[in-house]
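The next block holds one structure in the form of structure tokens; read it before the comments.
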Amino acid sequence: MTSSSRIKKITIQRPLHSVASEGKTRQKPASITERSSYTELSFTYYHWEILAMRRLLLPFLIICIAAAAIWYVKNNAPQSKKRPSSAIQPIEIDSSVIKTEDLQLSIHSFGQISAKHTANITAQVSGLVTLINPALAEGAFFKKGELLLSLDNRDYQSTINSTRAFLTQVQQALALEKAQVSQAKADWRRLNKTAPIPALVSRTPQVISAKAKVSAAFADYNKAILNYKRTQIYAPFNGRVLTKHVNIGDYVNANSALAEIFSTAVLQVKLNLKNSDLAFIDLPEGPLTATTSLPDVRLEANLIEQQFWRGKIVRTAAAIDQSSQQLYVIAEIPAPFSPANAAKHPLKIGQYVRAEIQGKRLKNAISIDIKTVYQGQFVLLVKEGVVRKQNIKISWQDDNIAVISQGLAVGDRLVTSLLSADAVGSAVRQNKTTIQQKLTKKQPQQSTAKQTQ
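Using this note's numbering, the first residue of the sequence shown is number 1161, and each one after it goes up by one.
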């Protein structure tokens, strides 16, 4: 049954049954079935009205709730609570006053120890190794002129004897030719007093040939002696052995490598320099003379324990290193194995060392602790009791200090405490502990001055 038919049925009057009783007419109520049908129709109609009303009110309620929520958010937004300016306390800092001073620069670098003079000992003749000096061992020291190695020389002694005998023979032949020349000249003058003597008669070709044979025999004899001497190898300088390639009983040929040695008179180290440091060192570029001033260098070696060595920058590389695009300088260490350095552990070839090179001396320079420089561009100053940012320009720096060319003036108060960027604009006061420490340092000096007076 549709809803329209239900509504129409509701408008129909309920049927009444007339009952006559005792001369009165009264209406008889409807039966139970009829009342139940009527109640069902009434409930259905009421439920339908409620559903229709909900459909109309639901969008309106949603819009109202959304509008109320927006209004609440706008009128109850969270606000940051700002502390009153009177509650901000000045921060404690350490500071120092900028001043100028004469500054001796030191340029830092590192490098490897190498030998200035090295030599590869090679055999000039072939032969069996019969003797090796104990000084010809890796790491051993030797002196100039000391016998290092000997080869079997018996074949070369035989060659000397045979060449000497042949030299004697050709010398006798030359003497005989000269005697024959004298006899030929005497016979020619007896027979032909005025005519010139022909060359064939005077035996000139035979004499020239005999002289040539004597010269060749003499050269062979000298070569035999030289080869004999080459069987013994002597040290060309005071030095030390790097490597040895031969042992007793080995047969070596000419040009065979026997050992590698180096001179102990001078060691050297090649040091690389940053391009920014080149303007602050007096580099030796020209030929060295007696009046040439060479920069000092102090080398620190830590192979066994910390030790220091003194040297000089003697040369500058002729070309820029292609891999690092930096310039190299060569420092020399004189007499590293002398008795004066006997207490030190000897330097080793290939050992890494740190170098501190004497740079230029700057007049009236402003230098500050590198830790007070922020991002390599600015520092913090105290101006009128407030932290201010100050841009600077650094002309030179190392791991400890920075030389300032622009941005700072004498009398500026530099913040030496480590602060964050948020500290800019904050009020400050000097750290009381730092002030007390400075006063404590000054008091003993003043007391000493009074005692001196």
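The beta-carbon is built from N, C-alpha and C at its ideal position, and this holds for glycine as well.
Open item on the list: Can you tell me whether Val1330 is helix, strand or coil according to DSSP?
Closed with: helix
Open item on the list: Given this structure, state the Cα-to-Cα distance separating Gly1571 from Thr1278, to the nearest angstrom.
Closed with: 57 Å
Open item on the list: By the DSSP assignment, the alpha helix (DSSP H) with Thr1391 in it spans what residues?
Closed with: Run containing Thr1391: none; DSSP gives neither H nor E here.
Task: the segment 1361 to 1373 in contact with the segment 1296 to 1313 per 3-pair CB rule at 8 Å - done: no
Open item on the list: My output table needs one value for Glu1182: the three-state DSSP class, helix, strand or coil.
Closed with: Reliability of the predicted coordinates at Glu1182 is poor, the pLDDT of 43 falling under 50, and no value is obtained from them.
Open item on the list: Looking at the strands, I want to know which residues DSSP matches up with Phe1422.
Closed with: Thr1278, Arg1400
TODO: Return the first residue and the last residue of the beta strand (DSSP E) that Ala1675 is part of.
DONE: Absent from the structure is residue 1675, since the part of the chain shown begins at 1161 and ends at 1613.
- [ ] Spatial neighbours of Ser1436 within its chain, please: CB distance less than 8 Å, with the 5 preceding and 5 following residues excluded, ordered by chain position.
- [x] Trp1556
Open item on the list: Going by beta-carbon coordinates alone, are Asp1312 and Leu1288 separated by less than 7 Å?
Closed with: yes
Open item on the list: Check for me: the beta strand (DSSP E) holding Tyr1488 runs from which residue to which?
Closed with: 1487 to 1494
- [ ] Tell whether a beta-carbon distance below 7 Å holds between Val1401 and Ile1421.
- [x] yes
Open item on the list: Taking the alpha carbon of Asp1262 as the reference point, which residue from Lys1520, Arg1548, Tyr1232, Gly1585 has its own alpha carbon closest?
Closed with: Lys1520
Open item on the list: Less than 7 Å between the beta carbons of Ala1562 and Ile1530, yes or no?
Closed with: yes
Task: Among Ser1577, Leu1418, His1505, Leu1448, the one whose alpha carbon lies nearest that of Tyr1534 - done: Ser1577
- [ ] Taking 7 Å as the cut-off, decide whether the C-beta atoms of Thr1403 and Phe1497 are in contact.
- [x] no
- [ ] Spell out the partners DSSP gives Arg1514 in its beta bridges.
- [x] Phe1270, Glu1460
Task: Alpha-carbon to alpha-carbon, Gln1331 and Ala1339 - done: 13 Å
TODO: Please name the residue in Ile1408, Ser1375, Val1257 whose C-alpha comes closest to that of Pro1294.
DONE: Ile1408
Open item on the list: Let me check one thing: in DSSP terms, what residues is Gln1467 bridge-paired to?
Closed with: Ala1461
Task: Distance, Asn1235 Cα to Arg1215 Cα - done: 32 Å
- [ ] Since I believe Arg1363 is in contact with Ala1619 (beta carbons under 8 Å), could you give me their beta-carbon distance rounded to a whole number of angstroms?
- [x] As shown, the chain starts at 1161 and ends at 1613. That puts residue 1619 outside it, with no answer to give.
TODO: Just mark Gly1545 as buried or exposed, buried being the case when its beta carbon has 16 or more other beta carbons within 10 Å.
DONE: exposed
Open item on the list: Tell me the DSSP secondary structure of Ser1565 in three-state form.
Closed with: strand
Open item on the list: Please identify the residue among Glu1337, Cys1224, Pro1444 whose C-alpha is closest to the C-alpha of Gly1478.
Closed with: In the sequence on display, residue 1478 carries Ala and not Gly. Ranking Glu1337, Cys1224, Pro1444 by Cα distance to Ala1478 puts Pro1444 first.
Task: Reference Leu1463; option with closest CA among Leu1427, Leu1431, Gln1482, Gly1510 - done: Gly1510
Open item on the list: Can you give me the C-alpha to C-alpha distance between Gln1428 and Lys1508, rounded to a whole angstrom?
Closed with: 11 Å
Task: Separation of Ala1419 from Gly1399, as counted between CA atoms - done: 12 Å
TODO: Using a threshold of 7 Å, state whether the C-beta atoms of Lys1430 and Ile1490 are closer than that.
DONE: yes
Open item on the list: Suppose the cutoff is 7 Å on Cβ atoms and the five residues either side in sequence are ignored; what does the same chain contact list for Ser1269 look like?
Closed with: Leu1431, Asn1432, Leu1433, Ala1515, Ile1517
Open item on the list: Do Asn1524 and Thr1260 have their beta-carbon atoms positioned less than 7 Å apart in this structure?
Closed with: yes
Task: Local Cβ density within 10 Å of Ser1255, reported as buried at 16 or more and exposed below that - done: buried
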